[in-house]
Amino acid sequence: MTRLARRAALVVATTLTAGTLAACSSGSDGSMSGMDHDKTPMSTSDTSTAADGRQGDIMFAQMMIPHHEQAITMADLALDPSAKASRQVHDFAKDIKDAQDPEIQTMEGWLKDWDAPTPSSSGMDHGSGMMTQDEMSKLESATGAKFDKQWLTLMIKHHQGAVTMAEQVLTTTEDNAVKRTAKSIVKAQKAEIKAMQREL
């Protein structure tokens, strides 16, 4: 069984695209629980805006989970000794895996709290920087310097897609937890993009 096949179960995607996250960018509290019922009820317009913001949060999590899962699959390839990756690529891969595993768990928790479905692999596409099966297959078969170059090039593209999604949800969300996670993704992955570009 190839390295890619061993990790194929992790690679899922979604038909949602980053553009579907564009929604109303202003409104009142978008949280679904812990509301203060003594306050004046929200207007129909405010309620609609809050609902749009939560829908954007859901889409963000549903897109980012499979996106992170694919990044972890790519990291696992780099960490496999048979890839003969450089120490620099190995370190990038470890950092990515350490950061994104907990973020996946956090976002899965959000979806559970919001009674929203988790992403499925049906009807997958390859938007938002996601790697195609062909690109993953070529990466899986590469070793040494060739692997390093392909891995860095693909991961930069992958990170750029994640940054776009995170920046988009920041224009719609009213949820502080979503804001913190999105800002963390933007900051960390922009820094990693610069570092990987220097390595190339």
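Per mature numbering (1 follows the signal peptide of the UniProt record, and there is no 0), the sequence shown runs over residues -22 to -1, 1 to 178.
For each residue, glycine too, the CB sits at the ideal point set by N, CA and C.
Name the residue from the options whose alpha carbon lies nearest to the alpha carbon of residue i.
i, options, result
"Q48", "K165, K157 and P97", "P97"
"L57", "A144, E86 and F125", "F125"
"M133", "D91, A155 and D73", "D73"
"D79", "K172, I163 and A173", "I163"
"I171", "L55, M37, V67 and P59", "V67"
"I36", "Q175, D91, A173 and A120", "D91"
Identify the continuous alpha helix (DSSP H) that holds residue i and give its terminal residues.
i, result
"D91", "R65 to D91"
"D112", "Q111 to S119"
Looking only at its own chain, which residues have a Cβ that is under 8 Å from the Cβ of residue i, when we skip the five neighbours before and after it?
i, result
"P95", "Q40 and L89"
"K116", "Q128"
Can you give me the Cβ contacts of residue i inside the same chain, cut-off strictly under 7 Å, excluding the 5 residues immediately before and after it?
i, result
"K168", "V141"
"E113", "L132"
"S11", "Here the model assigns S11 a pLDDT of 37, short of 50, so the residue's position is not dependable, and the following value carries that caveat. Excluding sequence neighbours, S11 sits near nothing in its chain."
"A120", "Q128"
"K157", "L148 and T151"
"M85", "A39, M42 and I43"
Below 6 Å CB to CB, which residues in the same chain sit around residue i once its five sequence neighbours on both sides are set aside?
i, result
"G107", "K135, H136, Q138 and G139"
"K75", "I50 and A53"
"I82", "I43 and H46"
"G122", "K62"
"S64", "D126"
"D93", "none"
For my contact list, residue i and residue j are in at a C-beta cut-off of 8 Å; report their separation, rounded to the angstrom.
i, j, result
"M42", "W129", "M42 to W129, Cβ: 21 Å. No contact."
"A166", "A77", "6 Å"
"T131", "L178", "7 Å"
"A160", "A144", "4 Å"
"M174", "F70", "6 Å"
Could you give the DSSP three-state label for residue i: helix, strand or coil?
i, result
"D30", "helix"
"S162", "helix"
"M41", "helix"
"M108", "coil"
"A123", "helix"
"E152", "coil"
"A(-18)", "Note that A(-18) scores 39 on pLDDT, short of 50, meaning its location in the model is unreliable and no value can be drawn from it."
"L57", "helix"
"K62", "coil"
"A144", "helix"
"A169", "helix"
"A49", "helix"
"T96", "coil"
"L178", "coil"
Sorry if obvious, but does the Cβ on residue i come closer than 8 Å to a heavy atom of the ligand ADP?
i, result
"D153", "Ligands displayed in this structure: none; no statement on the ligand ADP is therefore possible."
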